[in-house]
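In numbering that gives the first Met the number 0, the protein residues as written are 0 to 287. We put the beta carbon where it would ideally sit given N, CA and C, even for glycine. Following: one structure in structure tokens, then a few remarks.
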Amino acid sequence: MSVTERVEELTRQRVPFVRATVVRAQVPSSARAGDEAIVLLDGSIEGFVGGQCAESSVRTAALGTLAAGETLLLRVLPEEVGFPETPGAQVVVNPCLSGGALEIFLRPVLPPPLVEVVGTTPVAEAVVRIGELLGYSMSGSGAARPDAVVIASHGRDDEAAVIRSALDTGVAHVALVASRRRGEAVLDELGLDPEQRKRVSTPAGLWIGARTAPEVALSIMAEVVAAVRLTPQAAENPTTAVDPICGMEVTPGPSALYLDLDGVRTWFCGEGCRVRFQAEHAARAQTG
């Protein structure tokens, strides 16, 4: 499967990833301009953007872009001097490179927020229209776990069951369109604990003096945007380790190199550092 095909597959599956593209490579680097790879949330790399040492730098930077949600031009150098500057690039000095600078463009691809709308009322229809205008994925029930659920059925559906299902599946924000009295009655019926109750907004939406269905929908989607954008996402700043041989920062993961000795796991940027560390450990054991 090509990188392009894999990108399309991951996008359909709503899986976050980073698309890494080599934009410039100096000899004797093994990578070439145009080489591509995909970096997943667990740090695994599919494709080719250089050898193991280059991959180590790409992995750490790519996971950082997922956490920040911003693109990045990464410049990987074998030494600190001797290479012209690239304004705006993040520079990483990787002494284990075989030589030749690399410039790699990292673009995080994050699925748009998914909002499930329950109901066919004018408010529900307006919520869908505004959400689509924002670029959100708006769906009925039965899709993947949404980021938010908006219940605008005016009591025509089993609102309590929808709220319970959303909370049980881990939906962070549930909005119930109802009067304050009816909304409180629905939540009392469910017997929610304080944490669960905080995840349900009723009356739904921010107070903006809304009167018409589109205005109410606007207030609801404003609240959804705040809930989605101001809540920490799954992609967090990666945990890193330090290669004891070269001092490079390494991000542990399925594709990263490590060695278990004496009950301690040590991570490495490349095979050369791992071999040297193992040899030094064996020499100390013989003399110790």
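- Query: Who are the near neighbours of A61 in its chain, counting only those whose CB is closer than 7 Å to its CB and skipping five residues on each side?
  - Reply: One-based indexing of the sequence shown puts residue 61 at position 62. Here the set comprises V17, A19, V38 and L105.
- Task: State the start and end residues of the unbroken beta strand (DSSP E) segment that holds S218.
- Result: Translated into positions along the sequence shown, residue 218 becomes position 219. Element bounds for S218: not the beta strand (DSSP E) but the alpha helix (DSSP H), A212 to R228.
- Whole-Å CB distance - G33 paired with V21, under 8 Å assumed: Counted from its first residue, the sequence shown places residue 33 at position 34. Counted from its first residue, the sequence shown places residue 21 at position 22. With 8 Å as the limit, G33 and V21 qualify as a contact, their Cβ atoms being about 6 Å apart.
- Task: In the DSSP assignment, find the beta strand (DSSP E) that holds G46 and state where it starts and stops.
- Result: Translated into the one-based positions of the sequence shown, residue 46 becomes position 47. I44 to G46 is the extent of the beta strand (DSSP E) around G46.
- Query: Taking the continuous beta strand (DSSP E) assigned at T10, which residues delimit it?
  - Reply: For the purposes of this step, residue 10 is identified with residue 11 of the sequence shown, where counting begins at 1. It is not in any beta strand (DSSP E) - T10 instead sits in the alpha helix (DSSP H) that spans V2 to R11.
- Message: Just to confirm my understanding: we take T119, look at its own chain, exclude 5 residues before and 5 after, and list those with CB closer than 6 Å. What are they?
- Response: Taking the sequence shown and counting its residues from 1, the one referred to as residue 119 is at position 120. Correct list: empty, nothing qualifies.
- P251 to T59 span [Cα, whole Å]: For the purposes of this step, residue 251 is taken as the residue at position 252 of the sequence shown. For the purposes of this step, residue 59 is taken as the residue at position 60 of the sequence shown. Approximately 9 Å between the Cα atoms of the pair.
- Message: For the stretch 83–92 against the stretch 121–136, do three or more pairs of beta-carbon atoms, one drawn from each stretch, fall closer than 8 Å, so that the two count as touching?
- Response: no
- Message: Assuming the contact rule is C-beta atoms closer than 8 Å, A174 and S200 should be a hit. Round their C-beta distance to whole Å, please.
- Response: Along the sequence shown, one-based indexing puts residue 174 at 175. Along the sequence shown, one-based indexing puts residue 200 at 201. The pair is a contact, with the Cβ atoms about 5 Å apart (cut-off 8 Å).
- Query: Nearest to S152 by alpha carbon, out of E115, D187, L217 and L205?
  - Reply: Taking the first residue of the sequence shown as 1, we reach residue 152 at position 153. Selected option, being the one with the closest Cα: E115.
- Where does V57 land, buried or exposed, given buried means 16+ other C-beta within 10 angstroms? Here the question's residue 57 lines up with position 58 in the sequence shown. V57 comes out buried.
- Message: So, at 7 Å on beta carbons, what are the nonlocal neighbours of V26 in its own chain, with the 5 sequence-adjacent residues on each side left out?
- Response: Translated into the one-based positions of the sequence shown, residue 26 becomes position 27. So the qualifying residues of the chain are G99.
- For R196, which three-state DSSP category applies? As a first step, residue 196 must be located in the sequence shown, where it is residue number 197. R196: helix per DSSP, three-state reduction.
- Query: With respect to the alpha helix (DSSP H) encompassing I207, which residues constitute its N-terminal and C-terminal limits?
  - Reply: Against the sequence shown, residue 207 aligns to sequence position 208. Run containing I207: none; DSSP gives neither H nor E here.
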